[in-house]
Each structure stands twice: as structure tokens, then as C-alpha cells.
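In terms of my numbering, the sequence shown has 214 at position 181, counting the first letter as 1, and numbering is strictly consecutive.
Just so you know, even glycine gets a beta-carbon here, dropped at the ideal spot from N, CA and C.
Bear in mind that the values here come from a model prediction, so they are computed numbers and not experimental data.
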Amino acid sequence: MKINRILALLYKDFLIFFRVKWRLAETFYFPITTILIWGLFSIFMEKFAFEAGLIVLIMNIFWNFAYVAQSTTNMSMLEDVWSGSFKQLFVSGITPTEFVIARLLFSSIISIFIILIMSLISYYVFDLSLITEKFGIFLILTLITMISSLALAVLIAALLFVFGKEYGFLAWTALQLFILLSAPFYTVDILPKPLQYISQLMPYTDVFESARNLITTSTVSFNLIVRGLVISISYLLISFPVYYFAFNLAKKNGNLVRLS
């Protein structure tokens, strides 16, 4: 793995990102307007159920952050497929590791910038003082969310290698199912019994539960934090062997060539 190749890919992704207007709109416009919508909703809910409004607001911070971290990684990969440069990258000597690491770095930079903007809006516009009062916990939950989202992005990349560019829609749809099963606005026991067991294995479940507890009780269980961290790291450790297996399989059966 060579750093100069990773930096070259990173530079390429930034150039494309700022030149393609719909990528800018998707990455910045939707998260920011979503926080404004739900922030205004939290103000409106003060007269009915103040905590409910804050729960919706903080959940959307983590939800949008997760989406940007995951989808930006996969969309950068798909840009290579759509532009026809996918094959040329690997012919030039780029390794599968360099290919994915560059995209994860790019996604991390963009998503951190996004959550910073959303947090500042939530704090200064909607008085979500919890961000500073419980900054350490907020930072840990952000870290867990990022690790989980990047791991999910690597797994989706593996699926794209195996099934082809026709499944590119997974880049912006897969996360929705994970969020649904992670019980964002409700407790896990609301789900049907079989789904409750699946929910315990979702990488965002403990993040959402911890965030809800911050709003309602101002405390978070240490066990929740540890379990969330363990699950997110487990996803990351599993994702890379799956990614390499899928890449080699696609290379062997010709799917890799057909991606260009």
C-alpha cells in the first residue's frame, strides 16, 4: 500500500465532489435542511412534549451523519464505474486496499465536516446544549457511528463487486434498513419479537438508545457504550475480509471487468 496513490485518489475524489453539483446538494443540502426542519419541530414540540422534539433532533444528527459517511464512500466508488475509469484505476496499479482506504478517508473528512455543521446549528439555533454538556459521550457516539458506517460502506462495496453496477442503488438504500432495525425513535421492544434479536446486532442500536437516554435521563449506561463500540469494531473487522473475498471473486469470474 502506497500513500502517494491513496492521496492521489483522495485528490481525485475532492475534485469530482466539488465539480458535480448533485453530489454537493446531496451531501450538504439534505442533512442541513433536515436538521433545520426537525430543529423547528423540536421548538414547536416544547408546548407538548419537549423531550420528544429533542430526541427527534439528535436522532437526525446521527442518522444524517451515518448516511453521509456510508453513502459518500460508495458514491465515490460508483463515480469510477459510471465514468468508465474503474478498470483504468486498477490497470494503473491501484490495489484494492488503496482503492477503499482512499474512499474511507475522503468520506471521513466530508462526514466530520457535516456533523460539525449540524452540531453547531443544533447548539446555537436550537439550544441543544447537551452537545457541550455531554461532549465526551457525544464524541464517543459519533465515533461508533462513523466506524459502523464505514464498515457498512465496505460491505456494500463488496456486494457491488459481486452483483455488479445494477445494484448501485444499495449505496443510498442499504442504510435505511439498518436504521429501521436499529430502533431510532422508539425502543427495541416496539419491534416484533424476531426483529428484536436482529436489532441487538445492528451497529446503530446502542447509539440511538444512548442518545435517547441522554435526552430523557442525562445519563448513559457504560455497558451500552462498550457494546456499541464492540459491535461497530466487529463490523469493521468482518467487512475487510468480505471485501477482499468479493474483489478476488469478481476478478476471477469477470465481474470486475464488467463494472467498467
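How about residue i and residue j: do their beta carbons lie closer than 8 Å?
{"i": "I147", "j": "F98", "result": "yes"}
{"i": "L262", "j": "I170", "result": "no"}
{"i": "I258", "j": "I127", "result": "no"}
{"i": "P236", "j": "I264", "result": "yes"}
{"i": "N246", "j": "V240", "result": "no"}
{"i": "L24", "j": "I231", "result": "Any question about residue 24 goes unanswered here, given that the chain covers just 34 to 293."}
{"i": "L289", "j": "F194", "result": "yes"}
{"i": "E131", "j": "R38", "result": "yes"}
{"i": "P129", "j": "F280", "result": "yes"}
{"i": "T106", "j": "L203", "result": "no"}
{"i": "I94", "j": "M151", "result": "yes"}
{"i": "L161", "j": "L90", "result": "yes"}
{"i": "I164", "j": "Y156", "result": "yes"}
{"i": "L208", "j": "L185", "result": "yes"}
{"i": "A191", "j": "V114", "result": "no"}
{"i": "I143", "j": "T60", "result": "yes"}
{"i": "L292", "j": "F168", "result": "no"}
Is it right to say residue i is buried, meaning 16 or more other beta carbons lie within 10 angstroms of its own, or is it exposed?
{"i": "T220", "result": "exposed"}
{"i": "V101", "result": "buried"}
{"i": "G72", "result": "buried"}
{"i": "Y44", "result": "exposed"}
{"i": "D46", "result": "buried"}
{"i": "V124", "result": "exposed"}
{"i": "F278", "result": "exposed"}
{"i": "M108", "result": "buried"}
{"i": "I223", "result": "exposed"}
{"i": "S75", "result": "buried"}
{"i": "Q103", "result": "buried"}
{"i": "I36", "result": "exposed"}
{"i": "S251", "result": "exposed"}
{"i": "S116", "result": "exposed"}
{"i": "G287", "result": "exposed"}
{"i": "V53", "result": "exposed"}
{"i": "L48", "result": "exposed"}
{"i": "L234", "result": "exposed"}
{"i": "W96", "result": "buried"}
{"i": "M110", "result": "buried"}
Quick check on the DSSP output: the alpha helix (DSSP H) that includes residue i runs from which residue to which?
{"i": "K45", "result": "I36 to R52"}
{"i": "I258", "result": "F255 to N286"}
{"i": "A58", "result": "A58 -> no alpha helix (DSSP H), and no H or E assigned at all."}
{"i": "G117", "result": "Where G117 is concerned, there is no enclosing alpha helix (DSSP H), given that its DSSP letter is neither H nor E."}
{"i": "D294", "result": "Beyond the ends of the chain as shown, which are 34 and 293, falls residue 294; an answer cannot be given."}
{"i": "Q233", "result": "Neither: Q233 is in no alpha helix (DSSP H) and is coded neither H nor E."}
{"i": "I70", "result": "F63 to F77"}
Under 8 Å, Cβ to Cβ, is there at least one residue of chain D near residue i?
{"i": "A216", "result": "The question asks about chain D, but that chain is absent: this structure has only one protein chain."}
Which whole-angstrom value describes the C-beta separation of residue i and residue j, a residue pair presumed to lie in contact below a C-beta threshold of 8 Å?
{"i": "M92", "j": "F218", "result": "6 Å"}
{"i": "L269", "j": "I180", "result": "6 Å"}
{"i": "E112", "j": "I248", "result": "The Cβ separation is near 38 Å, so there is no contact."}
{"i": "F273", "j": "V187", "result": "6 Å"}
{"i": "L57", "j": "F51", "result": "7 Å"}
Does the beta-carbon of residue i, which I'm using as the reference point, lie nearer than 7 Å to any heavy atom of the ligand FAD?
{"i": "I91", "result": "Absence of the ligand FAD is noted for the structure shown, with no ligands found whatsoever."}
Entirely within the stretch 158-204 and at least 4 residues each: give me those alpha helix (DSSP H) ranges in chain order.
As far as the stretch 158-204 is concerned, its whole alpha helix (DSSP H) runs of at least 4 residues are 163-166 and 168-196.
Counting only runs that start and end within the stretch 119-146, where is the alpha helix (DSSP H) found for 4 or more residues in a row?
You should have 119-124.
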